[in-house]
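Undergrad: In this note's numbering, the protein residues as written are 111 to 504. There's a structure below that I have some questions on.
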């Protein structure tokens, strides 16, 4: 199973990740040369003599080797695999941490994976696998619910989309480095695991103290939500509402009537709605949109206050989440049919269904509702152009 794409793209060009990939490739080309294998009389790649002291010598390592070893590789497939995964997961981590922060994190991953390796093994080691594992672990924490497109080949060949948290945790960490670990192979599994551990724990630590903002629904936020739900569920099941700390517990035989207790699901919905509003007030529209999608997983019928619902729909569209955006606009129109600028919402829905969701019939329905009521000349022209294009295709 090979990952080939992620469902999110960095907002800014990840120059530092590109630099690290380029640096690894340049060092590889400079440090390797072809030699003749005397046993087979064939050419083989080998490290040049000047590069050998820069490997990590586990039995008597020098301090600089905990960094330099991560820029050396033993062959074309070795460096290709590492740089492929670094490109796949590093671009978005670079975007989240910034260039200097990402460089420090990458080098820290190399150091800690090297330390983890030397504690167990005594053989020399080279390669960026530990640092790349740290970056992949960081991706797991920062973007656990994003989708990774994976190519699989068993009996058939195809692609499937898997949540990042499941693919990285189960396939890359557990299956590849624990379940299928083969001691006879020349692979530093413990360096990989040390890198994953560093990446996951360090990013959770940075999120917990607020040095970085998850933006999307990060793993630390999910853990806090789970713990809060667990505490509330335990408290309510014991007959006590933690949101009314002064309330007196009543025995079953009590005849005093009171307002029915809020169910855990209802309280969870209230919490999410409050958090969505707070995130939007803090101008963190990305987090608000993520929370909204989480809310719909609990209760798909939920609709937010008018302006908040519209802002969330706009944010989902800006993020390229076409179907959730269209659903949010539809909920808006169903709940707020008397909205004074409903024609603009119909226009947005028409464009979504026409250009991105391939539903021409629904697109025509909304575009026709919009075209006679739009007052902006550019919007009217856009609407009519889209209608003409749909009619020409039918």
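Here a beta-carbon is modelled for each residue, glycine too, at the ideal position from N, C-alpha and C. Note that the structure is a prediction, hence the values are computed from the model and not measured.
1) Using 10 angstroms around the beta-carbon of residue 471, count the other beta-carbons present and answer buried if the total reaches 16, otherwise exposed.
2) Quick one: which unbroken beta strand (DSSP E) runs of 3-plus residues sit fully inside the segment 117-179? Chain order, please.
3) DSSP state of residue 236, grouped into three classes?
4) What's the call for residue 330, buried or exposed, on a 16-neighbour Cβ count within 10 Å?
5) Please state whether DSSP places residue 465 in a helix, a strand or coil.
6) Identify, in the order they occur along the chain, each residue of the same chain with its Cβ nearer than 7 Å to the Cβ of residue 426, setting aside the five sequence neighbours on each side.
7) Could you tell me if residue 431 is buried or exposed, where buried requires 16 or more neighbouring beta carbons within 10 angstroms of its beta carbon?
8) The beta strand (DSSP E) spanning residue 268 covers which residue range?
9) Give me the DSSP bridge partner(s) of residue 259.
10) Does the distance from the C-beta atom of residue 220 to that of residue 180 stay below 7 Å?
11) Quick check on DSSP: helix, strand or coil for residue 393?
12) Quick one: complete alpha helix (DSSP H) runs, 4+ long, within the segment 426-494?
13) Tell whether a beta-carbon distance below 7 Å holds between residue 505 and residue 203.
14) Would you call the segment 415-425 in contact with the segment 441-452, where contact means no fewer than 3 C-beta pairs closer than 8 Å?
15) According to the Cβ coordinates, are residue 260 and residue 251 closer than 7 Å?
16) Is residue 467 closer than 7 Å to residue 493 when the C-beta atoms are compared?
17) Let me check understanding here. Comparing Cα to Cα, which of 164, 462 and 335 lies closest to residue 496?
18) Since residue 283 is in the alpha helix (DSSP H), which residue starts that stretch and which ends it?
19) Using C-beta distances below 6 Å, list every residue in its chain close to residue 128, excluding the 5 sequence neighbours before and after it, in chain order.
20) Of the residues 448, 247, 274 and 183, which one's Cα is nearest the Cα of residue 113?
21) Exposed or buried, which one is residue 388 when buried takes at least 16 other CB atoms within 10 Å?
22) Going by CA-CA distance only, name the one from 473, 416 and 283 that's closest to residue 449.
23) Classify residue 380 as buried or exposed, calling it buried when 16 or more other Cβ atoms lie within 10 Å of its own Cβ.
24) Taking residue 191 as part of the alpha helix (DSSP H), name the residues at either end of that continuous run.
25) Out of 191, 323 and 111, which has the shortest C-alpha to C-alpha gap to residue 264?
26) Would residue 183 pass as a contact of residue 138 if the rule is Cβ separation under 7 Å?
27) State the DSSP-derived secondary structure class of residue 353, mapped to helix, strand or coil.
28) Work out the CA separation of residue 308 and residue 412 for me, nearest whole Å.
29) How many Å lie between residue 167 and residue 191 at the Cα?
30) With a threshold of 16 other CB atoms inside 10 Å of the CB of residue 334, please say whether the residue is buried or exposed.
31) With the cut-off set at 7 Å, would you say residue 311 and residue 328 are in Cβ contact?
TA: Taking the geometry as given:
1) Here the question's residue 471 lines up with position 361 in the chain shown. Exposed is the call here.
2) Runs of the beta strand (DSSP E) inside the segment 117-179: 142-147 and 152-157.
3) As a working mapping, residue 236 is identified with position 126 in the chain shown. Three-state result, residue 236: coil.
4) Here residue 330 corresponds to residue number 220 of the chain shown, with the count starting at 1. Residue 330 counts as buried, since at least 16 other C-beta atoms from the protein chains shown sit within 10 angstroms of its C-beta.
5) Here residue 465 corresponds to residue number 355 of the chain shown, with the count starting at 1. In the structure shown, residue 465 falls within a helical segment according to DSSP collapsed to helix, strand and coil.
6) To locate residue 426, count along the chain shown from 1; it is residue 316. Its chain contains 399, 434, 435 and 438 as the residues whose beta carbon lies nearer than 7 Å to that of residue 426, once the 5 sequence neighbours on both sides are disregarded; these appear in chain order.
7) Sequence index remark: in the chain shown, residue 431 carries index 321 (1-based). It is buried - the Cβ of residue 431 has at least 16 other Cβ atoms within 10 Å.
8) To locate residue 268, count along the chain shown from 1; it is residue 158. Boundaries of the beta strand (DSSP E) around residue 268: 267-273.
9) By one-based count along the chain shown, residue 259 stands at place 149. According to DSSP, which records beta bridges pairwise, residue 259 is partnered with 115 and 271.
10) As a working mapping, residue 220 is identified with position 110 in the chain shown. As a working mapping, residue 180 is identified with position 70 in the chain shown. Going by C-beta atoms, residue 220 is nearer than 7 Å to residue 180.
11) Locating residue 393 in the chain shown gives position 283, counting from the first residue. In this structure, residue 393 counts as coil in the three-state DSSP scheme.
12) Within the segment 426-494, the complete alpha helix (DSSP H) segments at least 4 residues long are 432-445, 452-461 and 470-481, listed from N- to C-terminus.
13) The question about residue 505 has no answer here: the residues shown for the chain are numbered 111 through 504.
14) The segment 415-425 vs the segment 441-452: in contact.
15) Here residue 260 corresponds to residue number 150 of the chain shown, with the count starting at 1. Here residue 251 corresponds to residue number 141 of the chain shown, with the count starting at 1. Not closer than 7 Å, so no.
16) Locating residue 493 in the chain shown gives position 383, where the first residue counts as 1. Locating residue 467 in the chain shown gives position 357, where the first residue counts as 1. Result no, Cβ atoms of residue 493 and residue 467 do not sit closer than 7 Å.
17) Locating residue 496 in the chain shown gives position 386, counting from the first residue. Of 164, 462 and 335, the residue nearest in Cα terms is 462.
18) Within the chain shown, residue 283 is the residue found at index 173, counting from 1. Premise fails: residue 283 is in no alpha helix (DSSP H) and is neither H nor E.
19) One-based indexing of the chain shown puts residue 128 at position 18. Contacts found: none.
20) By one-based count along the chain shown, residue 113 stands at place 3. Measuring from the Cα of residue 113, the nearest candidate turns out to be 274.
21) Along the chain shown, read from residue 1 onward, the residue named residue 388 stands at position 278. Exposed.
22) For the purposes of this step, residue 449 is identified with residue 339 of the chain shown, where counting begins at 1. Closest by C-alpha distance to residue 449, out of 473, 416 and 283, is 416.
23) As a first step, residue 380 must be located in the chain shown, where it is residue number 270. Residue environment for residue 380: exposed (fewer than 16 other C-beta atoms within 10 angstroms of its C-beta).
24) The sequence position of residue 191 within the chain shown is 81, counting from 1. From DSSP, the alpha helix (DSSP H) with residue 191 extends over 186-207.
25) Counting from 1 along the chain shown, the entry for residue 264 is found at position 154. Answer by Cα proximity: 111.
26) Residue mapping note: residue 183 aligns to position 73 of the chain shown, counting from 1. Residue mapping note: residue 138 aligns to position 28 of the chain shown, counting from 1. Closer than 7 Å, so yes.
27) Taking the chain shown and counting its residues from 1, one reaches residue 353 at position 243. Any reading at residue 353 must be qualified, since the residue scores a pLDDT of 44, below 50, and its modelled position is unreliable; no value is offered.
28) Taking the chain shown and counting its residues from 1, one reaches residue 412 at position 302. Taking the chain shown and counting its residues from 1, one reaches residue 308 at position 198. Spanning the two alpha carbons is a distance of roughly 39 Å.
29) To locate residue 167, count along the chain shown from 1; it is residue 57. To locate residue 191, count along the chain shown from 1; it is residue 81. Straight across, the Cα-Cα distance linking residue 167 with residue 191 is about 23 Å.
30) Start at 1 with the first residue of the chain shown, and residue 334 comes out as number 224. Exposed: under 16 other Cβ atoms inside 10 Å.
31) Sequence index remark: in the chain shown, residue 311 carries index 201 (1-based). Sequence index remark: in the chain shown, residue 328 carries index 218 (1-based). No; because the gap between Cβ atoms is not below 7 Å, this pair is not in contact.
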